[in-house]
Amino acid sequence: MSRRLKTDIPGTDYRIDAERLPDLDWEQEFAKDLRAPGPLVLELGFGRGEFLMHLAGEASERAHIGVEVSRKRVLKMARRVARSELCNVRLVHASAEHFAATGLRAASVEQVWINFSDPWPKKRHHPRRLVQPALLERLCWALLPGGTVEIATDDVPYAEHIDATLRAEAHLENVFAPDPWRSEVPGRPPTAYELEWRALGRPIHFWRYAKR
Ligand SMILES: C[S@@+](CC[C@H](N)C(=O)[O-])C[C@H]1O[C@@H](n2cnc3c(N)ncnc32)[C@H](O)[C@@H]1O
Numbered sequence: 078m079s080r081r082l083k084t085d086i087p088g089t090d091y092r093i094d095a096e097r098l099p100d101l102d103w104e105q106e107f108a109k110d111l112r113a114p115g116p117l118v119l120e121l122g123f124g125r126g127e128f129l130m131h132l133a134g135e136a137s138e139r140a141h142i143g144v145e146v147s148r149k150r151v152l153k154m155a156r157r158v159a160r161s162e163l164c165n166v167r168l169v170h171a172s173a174e175h176f177a178a179t180g181l182r183a184a185s186v187e188q189v190w191i192n193f194s195d196p197w198p199k200k201r202h203h204p205r206r207l208v209q210p211a212l213l214e215r216l217c218w219a220l221l222p223g224g225t226v227e228i229a230t231d232d233v234p235y236a237e238h239i240d241a242t243l244r245a246e247a248h249l250e251n252v253f254a255p256d257p258w259r260s261e262v263p264g265r266p267p268t269a270y271e272l273e274w275r276a277l278g279r280p281i282h283f284w285r286y287a288k289r
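Numbering (my numbering), first residue to last: 78 to 289.
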């Protein structure tokens, strides 16, 4: 994770070296580019990054952090952000779990997005699933009251796991109640995976939970 960042970026390089995470002051980091960097917006596992680009473009005064475990995807996204006019995005090459453990501060986050994280269908691989009680607990610690966690999946067994894990987190409440989840959220931009799964007719599940 901590190999030196490559520099072949056509403009400003907004990647953050994971080694800096424990000491990083996000407010200071974003203050270079934003007048009043407020609470953070996170996307964990941004993949090709189109969703994060959309979020950051829609809210250009808000501070966005994308976290992705694939070095190649982080590099591609860094090039994409550099070619854009966006200066409110930072990219971290790390696992979301590592980022949550070292890069977050208490009560500093407004929104967390986890879109179509890998379902790991084999039972012995279930511990590798991103949505887990420990990660949610850490995210709750980092969220402001009223801050939201938004999760999406197309995979039915993973959906059952996500739903049970969200319900079990006492600091969160279901914004979509009485629905456990929704299959459409108007105004939400699709991610690359969402478009693929929709084209195959797979059911999409969206959750929105807020910190109490
Ligand atoms: C199925 S893709 C979905 C990508 C994107 N969110 C979308 O909806 O199009 C899952 C992404 O999560 C990344 N990923 C997997 N495990 C991760 C982890 N523990 N932390 C951060 N990213 C992770 C993968 O590299 C991949 O880019």
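Even for Gly, the Cβ is constructed at its ideal location relative to N, Cα and C.
Minimum Cβ-Cβ distance from R206 to chain D less than 9 Å: Absent from the structure is chain D; it holds one protein chain and no more.
Taking all protein chains shown into account, do 16 or more other C-beta atoms lie within 10 angstroms of the C-beta of R92, making it buried, or fewer, making it exposed? So R92 counts as buried.
Helix, strand or coil for W274, going by three-state DSSP, please let me know. The DSSP-derived three-state label of W274 is helix.
DSSP beta-bridge partners of R92: The partner list for R92 (beta bridge, DSSP) reads L168.
If you reduce the DSSP assignment to three classes, tell me which class W218 lands in. Looking at W218 - three-state DSSP - the assignment turns out to be helix.
Can you list, in chain order, the residues of its chain with a C-beta nearer than 6 Å to that of W190? Leave out the 5 residues immediately preceding and following it. Sequence-distant Cβ neighbours of W190 in its own chain, meaning closer than 6 Å and more than five residues away, are E120 and E227.
Taking all protein chains shown into account, decide if D316 is buried (16 or more other Cβ within 10 angstroms of its Cβ) or exposed. Lying outside 78 to 289, the shown extent of the chain, residue 316 is not represented and no answer is given.
From the DSSP output, in three-state form, read off V118 for me. V118 falls in the strand class under three-state DSSP.
Do you know how far the Cα of R156 is from the Cα of E187? Whole-angstrom Cα-Cα distance: 26 Å.
F283 by DSSP, collapsed to three states: which one? Reduced to three states, the DSSP call for F283 is strand.
May I have the straight-line CA-CA distance separating L132 from H202, to the nearest angstrom? Taking the straight line from one Cα to the other gives about 31 Å.
Comparing alpha-carbon positions, which option in A177, L272 and L129 lies nearest L98? Residue A177 holds the alpha-carbon nearest to the alpha-carbon of L98 among A177, L272 and L129.
Contact set for A236: own chain, Cβ-Cβ below 6 Å, skip 5 residues either direction: Hits under 6 Å: T230 and H282.
Is any non-hydrogen atom of ligand 1 found closer than 8 Å to the C-beta of A171, if you look at the structure I gave you? Here the distance from the Cβ of A171 to the nearest heavy atom of ligand 1 is below 8 Å.
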